[in-house]
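Below: one structure, written as structure tokens.
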Amino acid sequence: MRKLKRILSLFLVSILVVGNIQAIPAEASNITKLEIKVKGEGEVFIDDGSSKYSLGNKDVFRADCTVDTNLKITATPNEGYFISSVEGIENDGVINGNSKIYDINLTENAKSIIINFSENPKKETKEEIVQSDVVKEEPQDVLNEIDVNEKEPQVDSKVDKILNEYLQGIYNSEEALSFRKELVSKHKLEDKVDENFFFKGEYINKLIDLETIGDCIVLVDISKKDLALEYLQDENVDPILESLNNLNPIRTRFRRSLSLMSARTGMTVTNHGNLTYYEGGILMGRSDMFSINGRTAFCADHSKVSPGTGVRILSTSVENNSDIRKILYYGFEGPGQVGGWASNGLRIATAMAISEVRHGDGRNLGKRLLNQVRGLPEPPSSFTAYIADTEGSSYQDLAFWMYNPKGSLQISKSSADPSITNGNNYYSIAGAEYGVFKSSNATGQVATLTIGSNGWSQEIQLDAGTYYIKETKAPKGYALDRNIYPITVNSGSKAVGNYKDKPQFDPVGVLLRKVDSDTGANKPQGNGSLADAHFTFKFYAGEYGDGVNPADLGVSPTRTWIMRTDEFGFSMLDNSYKVSGDDLYIVNGSPTLPLGTITIQETKAPTGYKINPEIFVRRITPNGAAESVNTYNEPIIKEDSLDLTIRKVQEGTHILLPNIKFRHTKPNGTTEELTTNPNGEIVIKGLEQGRHKIIETKTTEGFEVNPNEFVFEVTSSNTIRVISNTTNMGMSYVESEGNGVLTVENSLRPFQLKVVKVNDKNTPLKGAEFTLYSDRECRNEISKAVSNEKGELFFDGLKVGTPYYFKETKAPEGYRIPVDSNGNVHVYEVVTESQPSNGIFNFTIDGVKYNANSTNGDIHIEGNKNDRVISVKVVNYITMKLPSTGSGMMIPILVVGMSLMGVAIIMSRKSKKENKR
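As structure tokens, then:
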């Protein structure tokens with residue numbers, strides 16, 4: 018790292034010593050990459066014909082080189098080491114003593130060279146080989162002012178970072194500025210730096226080698242020096258530019274620091290002879306006429322010896338003195354040359370005025386011009402004055418200038434598709450940023466243009482030349498334009514670029530998808546269809562909140578479409594699916610949706626389904642930098658089929674009856690047989706439009722078939738309209754969530770009451786009469802029945818669940834109707850309960866419960882579920898005849914009777930006496 022910092026230090030000082038002048042970079046197509054690595058103890062010298070570079074162990078040399086550059090690489094191992102291998106060089110090199118010399122020519126392909134030094138196995142040494150630092154002589158006062166360790170300069174990671182920023186053209190980051198302030202205060206360099214805490218030019222000129230100044234290397238400002246030759250655009254025309262370009266290390270083939278001892282400007286002086294000027298016969302001044310590489314120059318030290326032709330320029334520096342800049346700008350052949358002077362007089366006055374400022378020896382002619390220009394405006398920033406240091410301390414310094422007036426640049430931006438973006442605040446051209454670059458591959462950024470709300474950027478000043486414009490930040494709702502646009506800025510004029518951005522859009526394919534809500538599949542149920550559902554799409558241009566329906570805010574849609582679905586339930590963004598409405602948005606020949614909000618509502622249901630009343634809100638939002646986005650989320654709309662549920666129940670209960678059969682007659686006259694499920698229901702899904710008929714065709718045991726027909730119609734709006742009057746039909750109809758529910762009651766089959774009349778000998782008695790009543794008091798007679806020869810009589814058609822009462826109303830001949838102790842005839846009560854679907858038939862006779870399993874005894878059940886018979890046996894006892902009056906039996910009867918009465922009286926009296934005690 019120390020060596021790398023030392024090389025970077027040399028790189029910076031070379032820029033300053035060589036004149037701090039920026040050359041024009043080589044075209045990217047003529048540049049190739051070079052990398053040279055050194056591994057092991059040895060030294061490698063790189064010579065490109067004008068500069069030399071030295072590398073040691075672990076040093077890495079990287080450079081951008083001009084194609085066809087010829088290099089001489091000399092590899093010399095340290096004592097006790099040898100060259101073990103050379104990678105990346107095809108030739109074997111030429112041995113020169115202990116060294117090897119390799120000549121290579123750089124092609125367009127990147128080149129990587131690794132030179133390895135290994136320790137000689139025949140020699141062992143424990144001495145540590147330390148490569149000494151070479152420190153060139155410095156003026157003692159300069160080195161003393163910067164307190165550093167000359168043997169081991171310390172440049173930490175912060176310095177590395179700041180130096181790297183400088184190389185990227187970033188000079189005044191917050192961190193760098195703060196660090197420079199600290200260094201200036203630490204080393205008490207306030208009088209040697211400018212307002213940005215960089216070394217002043219006159220101080221830098223005293224520094225011969227920056228290798229020893231440590232962290233203070235960050236005080237060297239290369240930014241202004243890089244600008245020195247920016248204004249010259251044609252290097253083939255200006256010989257000074259050509260000479261300086263060949264020398265500037267940061268723009269040369271290797272972009273590497275030059276060795277200080279090998280730095281030469283390549284600039285020479287031409288002396289065109291002496292010029293004398295008289296006014297009114299009085300000698301006013303005398304000066305030699307100079308040029309440097311063809312550019313007019315002026316003596317800057319009038320008291321020194323004039324350099325002759327061929328004298329070399331050692332270095333140049335930018336002159337920031339206001340008076341000297343004005344003298345050169347308004348002086349002889351300057352861009353603002355003043356009037357009132359003879360040509361020769363102004364030329365001599367220009368040189369003498371410069372010397373007057375520098376040394377106070379400009380005499381009257383120089384003072385006159387100096388006083389004249391001091392009151393004039395400052396030259397523009399694009400005008401640069403230079404002082405050239407000639408070879409030989411006795412020679413005069415020379416002054417010259419370079420000037421390239423700036424032009425201005427402004428760009429505008431608009432939408433590439435106003436039909437999408439106009440009136441849509443999701444799109445805004447404001448905030449777009451464009452980089453202005455020097456290179457055609459958009460590197461070397463010199464400015465940033467920001468588009469305002471009026472569609473125009475700020476106007477900036479630039480040196481004349483060709484620049485490249487590239488969008489670096491897309492505005493809201495637009496895709497990033499990745500194209501690079503060249504634009505030429507001419508001196509003194511305004512260059513205008515007009516650019517367009519493509520708005521982002523969503524190339525929606527599927528607008529929505531319909532599925533059956535029960536199955537979740539895009540397959541209809543029953544006789545329904547998913548085809549030809551109509552949906553109204555309302556597009557609102559602009560940005561609204563998530564889930565917000567702009568209609569709720571009183572906003573009218575920008576465009577409206579009615580779209581249909583296909584047989585699979587899909588609705589596509591395509592004209593073939595459009596029923597009516599506005600034109601679709603078209604981008605690149607295909608329908609699309611701009612950024613905004615869209616609402617979706619079903620307005621016509623397909624056959625067999627109900628309208629889904631929900632309003633779906635979807636947003637199309639910007640995303641990324643591409644032209645197309647995929648932010649529309651098509652809704653999956655669940656469709657509820659239009660259904661009729663037939664619910665079969667036992668009359669007067671909620672008991673559901675399975676396995677009951679119905680016939681459904683469809684609108685087209687076809688029929689289907691339907692059977693209630695274990696839950697006693699039939700669900701007819703996807704009812705098609707037209708008239709339907711429902712009738713029960715078969716029931717189960719224990720029930721009567723309901724013979725009534727139910728007629729209804731499905732309207733064009735997919736609603737159910739009942740035609741039948743269900744009153745007194747054993748039916749009821751209700752509607753639930755748009756679906757119909759028909760409840761059909763089944764009445765129970767009637768049962769029969771059988772009374773068997775016998776005597777106490779179990780002999781059937783004919784002629785007994787029984788009467789059936791509906792009330793316990795036996796006031797409401799239902800019917801009468803008389804027993805036959807088998808002693809049986811029947812009451813038919815009795816309704817299950819209705820209480821019945823019967824009693825004997827006439828005894829058979831020779832018998833009396835049984836009565837209780839109160840002389841009342843016994844009344845029988847019959848109560849029944851039946852659930853045939855559950856196998857239940859219960860009945861109660863005089864409070865005693867019986868069921869379907871009671872199949873024997875005096876009271877039992879007979880028959881089956883369809884024909885239930887309750888059998889009750891009633892016994893009548895034989896009647897005893899009274900004896901005739903006067904017969905032999907009367908006396909015994911009377912005696913027995915009187916005896917019983919006497920016993921009763923005696924027992925009664927005895928009881929009373931006991932009670933008195």
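If you read the sequence shown in this note's numbering, its first letter stands for residue 18, the second for the next number, and so on. Every residue, glycine too, gets a C-beta built ideally from N, C-alpha and C. Every value quoted in this text rests on a predicted model; they were computed, and no experiment measured them.
Among the candidates the options, whose CA atom is the shortest distance from the CA of residue i?
i	options	result
V775	R766, N763, V527, I834	I834
S432	I446, N338, S851	I446
P435	L590, Q521, I63	Q521
Y485	W473, E476, S470, I504	I504
L704	P524, L661, T687	L661
T91	N126, G874, A80, I53	I53
F417	Y894, F307, V513, K384	F307
R708	N694, N685, T780	N685
I628	I712, H551, G818, G559	H551
N868	T819, D109, N883, S851	S851
D657	N756, D569, F727	N756
K50	S597, V84, F62, G57	V84
T716	A317, R766, M746, R738	R766
Y935	Y443, G472, K321, K487	The structure shown has nothing for residue 935, since the chain only spans 18 to 934.
Please classify residue i: is it buried, with 16 or more other beta-carbons within 10 angstroms of its beta-carbon, or exposed?
i	result
F585	exposed
A366	buried
A80	buried
V865	exposed
P695	exposed
L590	buried
F811	exposed
K75	exposed
I299	exposed
S304	buried
P394	exposed
S804	buried
S573	exposed
I341	buried
K153	Here K153 scores only 34 on pLDDT, less than 50, and its place in the model is too uncertain to base an answer on.
G356	exposed
How far does the alpha helix (DSSP H) with residue i in it extend, from its first residue to its last?
i	result
H376	360-376
T438	435-438
D340	339-347
F196	191-204
N776	Careful: N776 lies outside any alpha helix (DSSP H), inside the beta strand (DSSP E) at 768-776.
Go ahead and pull the three-state DSSP assignment for residue i.
i	result
Y561	coil
K801	strand
L590	coil
D238	coil
I672	coil
G383	helix
R738	strand
I132	strand
C233	helix
K683	coil
R793	coil
N388	helix
K898	In this prediction, K898 has a pLDDT of 41, which is less than 50 and means its spatial position is unreliable; what the coordinates show is noted afterwards. Three-state result, K898: coil.
May I ask whether a heavy atom of the ligand PLP can be found less than 6 Å away from the beta carbon of residue i?
i	result
V836	Here there are no bound small molecules, and the ligand PLP is not part of this structure.
Could you spell out the range, first to last residue, of the beta strand (DSSP E) harbouring residue i?
i	result
L789	786-790
R833	Per DSSP, R833 belongs to no beta strand (DSSP E) and is neither H nor E.
Q667	661-667
S726	With the sequence shown as reference, residue 726 is identified as Glu, and Ser is not the correct amino acid for it. First-last of the beta strand (DSSP E) with E726: 726-731.
F858	857-862
K940	Residue 940 cannot be examined here, being either before or after the span of the chain that is shown, 18 to 934.
A550	Neither: A550 is in no beta strand (DSSP E) and is coded neither H nor E.
L466	462-467
G697	Premise fails: G697 is in no beta strand (DSSP E) and is neither H nor E.
Segments of 3+ residues assigned as beta strand (DSSP E) that fall wholly inside the region 614-650: Whole beta strand (DSSP E) segments, 3+ residues: 632-637.
Minimum length 3: unbroken beta strand (DSSP E) runs contained in the region 69-123: Within the region 69-123, the complete beta strand (DSSP E) segments of 3 residues or longer fall at 69-72, 77-83, 87-94, 98-104, 111-113, 116-122, listed in chain order.
In chain order, each beta strand (DSSP E) run of at least 3 residues that lies wholly inside the region 477-537: The beta strand (DSSP E) runs lying completely inside the region 477-537 and spanning 3 residues or more are 477-480, 482-490, 501-506, 511-518, 527-533, given in chain order.
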